[in-house]
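Notes follow once the structure below has been shown.
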């Protein structure tokens, strides 16, 4: 039985900064439960001493010369923002008033 | 002459010989879009003036006798998850509606350097999450072969644009099959190159250890032309391969099967695959044998875990990559009533801006990465990835290329499986292993299934960096098919009825 409960889905959605409706919580609880259950087979499949692969083609650290290259202007970088002021992104308050 | 029905190679010949101009060719495709895209819905945005301006510049230079790049004047469509400086880029999501990027992706820069008129941006499942194009926030794309069926996904727009003659070539991206699966559904050709062979700078990332950009075309030689233009090292992508993998056009032109060992993947056949697809697949094995190949069977036992591993790794990476859509730097911002904090603004924006599949995968990825579950889920999935690579290593020790059907079924009806993610995820059963291992794959039309008369497809796989093998074997098999059928498979497609 899956450990995905409505409370877990609400908690995860909160961590992911996504408001969810009650209907979405119900639907995702059921769907994610099925997906997670099907993933449970993996643990048994790799019971032996198997190294993890995070990147399919191994590469060493990739460096370039530390020289200034052309980059976006401040104006271009701000062009997609919903709100900006004095060359900065403008956002709502970060802390609650309480 | 119906210019849009010509292959890309023929269109380039016509441009060079002066049979028609790039403006005429580009306009013919724009006319075709105007005529059929109302029912196909392959494009999210069409840039007629931009495409015609590039075409006019090519014509002017050609008339002046100037040297032009190889594909100059040949129109192209681009999947809408690659940034374009002069056109909106939505990735199929409401959260990016109206966003015009301040920079071009490297692949788009290469198309511009090649002077290819960019016709527009094609539809996709939101952030490329899906295999049907039904998860696009802007409505689904239809399959040109049968308008009530899926064109595959996520790159259904690019495949349908090429399949319905709205563009001779298109750009796709493939994270778990998003180039190859739509190619299979629409009777077109699509290649996922080796991981790192094509720069991903400016591709809106989905799963960073899986994503790869590649060509979409109507035949092998045309795909090779585009592959050669977009491949190559890019210092702006730290995963970009430093080495040159050779010319795909040369490989497609010099195809030969003499002494080539073709491995049939035991686990990707039989049960779970539609009878008509299996029948055509067996016939192609006979054609390969007749052309000189040796057919061997290979076994990849860990493939049974591929989908489960993919649906932990991909959501984990996607949930991280999509954290950038936070209402601050680009895209939608929804401000709830009252005097909300930025956290409340982010959560309301992401609720309004993301569709159901994206939310599902972000929440799943957040779970897979959470402390206490990380080792069991994400950790185990990464180990399965090693097992799948070992399976491929063992298989390629016995065979030069591997083959399987690209997809287990032909195109199903729009609306089917949409509330059943697990059933939906099975669509990519044959394509996902290549992404997990980073190897290249090409999907080739493989005849029509008897049950429904819809396209079936064969997938060719090669070891990492051996992309040329896909084109040399693919070109021979394509030729053998045309000899049997008396024409190209795409020529069997019914005419798209405008306004149907």
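Chains as they are written, first to last, in this note's numbering: chain W, 2 to 99; chain X, 541 to 1040. Think of the CB as a built atom: it goes at the ideal place given N, C-alpha and C, for glycine as much as any other residue.
Query, Result
"My output table needs one value for residue 76 of chain W: the three-state DSSP class, helix, strand or coil.", "helix"
"Which residues share a DSSP beta bridge with residue 954 of chain X?", "Bridge partners of residue 954 of chain X: none, in fact."
"Considering only C-alpha positions, which residue in the set X:586, X:794, X:914 and X:889 is nearest to residue 628 of chain X?", "X:586"
"Strictly under 7 Å for the Cβ-Cβ distance: is residue 128 of chain W near chain X by that measure?", "Absent from the model: residue 128 of chain W. The displayed extent of chain W is 2 to 99, so no value can be given."
"Helix or strand or just coil, what does DSSP make of residue 571 of chain X?", "helix"
"Under 8 Å, with one C-beta from each stretch per pair, do the stretch 14-28 of chain W and the stretch 36-43 of chain W reach the 3-pair mark?", "no"
"Do the stretch 783-796 of chain X and the stretch 66-81 of chain W meet, that is, are 3 or more Cβ pairs less than 8 Å apart?", "no"
"Out of X:682, X:786, X:837 and X:931, point me to the one whose CA is closest to residue 1011 of chain X's CA.", "X:786"
"Below 8 Å on the Cβ atoms is my contact criterion, and I expect residue 713 of chain X with residue 658 of chain X to pass it. Report the Cβ-Cβ distance as a whole number of Å.", "16 Å between Cβ atoms; not a contact."
"Using only the alpha-carbon positions, how far apart do residue 2 of chain W and residue 639 of chain X sit?", "Unreliable positioning characterises residue 2 of chain W in this predicted model, as indicated by a pLDDT of 45, which lies under 50. The coordinate reading is nonetheless provided below. C-alpha separation (whole angstroms): 43 Å."
"Using a Cβ cut-off of 9 Å, pull out every chain W residue sitting near residue 894 of chain X, in sequence order please.", "19"
"Output, in chain order, the set of chain W residues within a Cβ distance shorter than 7 Å of residue 906 of chain X.", "13, 16 and 17"
"Take residue 737 of chain X as the anchor and find which of X:980, X:637, X:841 and X:636 has the nearest alpha-carbon.", "X:980"
"If you drop the 5 nearest sequence neighbours on each side, which residues of the same chain put their C-beta closer than 8 Å to that of residue 612 of chain X?", "555, 562, 598, 601, 602, 654, 655 and 656"
"Would you say residue 891 of chain X lies against chain W (beta-carbon separation less than 7 Å)?", "yes"
"Only counting the same chain, and skipping five residues up and downstream in sequence, which positions put a Cβ closer than 7 Å to that of residue 1040 of chain X?", "Residue confidence for residue 1040 of chain X is low, a pLDDT of 47 falling below 50, so the modelled location carries little weight; the figure read from the coordinates is stated next. Once the five neighbours on either side are set aside, the close Cβ partners of residue 1040 of chain X are 579 and 687."
"Quick one: grab the DSSP three-state call for residue 557 of chain X.", "helix"
"Residue 632 of chain X to residue 898 of chain X, Cα distance in whole Å?", "11 Å"
"Report all residues from its chain with a CB closer than 8 Å to the CB of residue 86 of chain W; omit the five preceding and five following residues, and keep chain order.", "none"
"Anything in chain W within Cβ reach of residue 875 of chain X, meaning under 8 Å, just list it in chain order.", "93"
"For residue 755 of chain X, list the residues DSSP reports as bridge partners.", "X:711"
"Just grab the DSSP bridge partners of residue 766 of chain X for me.", "According to DSSP, which records beta bridges pairwise, residue 766 of chain X is partnered with nothing at all."
"Between the stretch 905-918 of chain X and the stretch 684-703 of chain X, do at least 3 Cβ pairs fall closer than 8 Å?", "no"
"Please report how far the alpha carbon of residue 905 of chain X lies from the alpha carbon of residue 96 of chain W, in whole angstroms.", "27 Å"
"Looking at the C-beta of residue 33 of chain W, does it have a partner C-beta in chain X at a distance below 7 Å?", "yes"
"How long is the line joining the alpha carbons of residue 964 of chain X and residue 702 of chain X, rounded to whole angstroms?", "24 Å"
"What residues from the stretch 833-852 of chain X come within 9 Å of chain W, judged by C-beta to C-beta, listed N to C?", "842, 844, 845, 847, 848, 849, 851 and 852"
"Assuming residue 997 of chain X and residue 947 of chain X make a contact with CB atoms under 8 Å, what is their CB distance in whole Å?", "6 Å"
"Just verifying my parser: in three-state terms, what is the DSSP assignment at residue 1030 of chain X?", "helix"
"Please tell me whether residue 811 of chain X has its Cβ less than 7 Å away from any Cβ of chain W.", "no"
"Using CA coordinates, which residue listed in X:970, X:1002 and X:923 is at the minimum distance from residue 51 of chain W?", "X:923"
"Which residues does DSSP list as the beta-bridge partners of residue 662 of chain X?", "X:583 and X:619"
"Please tell me whether residue 886 of chain X has its Cβ less than 7 Å away from any Cβ of chain W.", "yes"
"Establish whether the CB of residue 2 of chain W and some CB of chain X are separated by less than 7 Å.", "With a pLDDT of only 45 at residue 2 of chain W, under the threshold of 50, the placement of this residue in the model should not be trusted; the figure read from the coordinates follows. So, not an interface residue."
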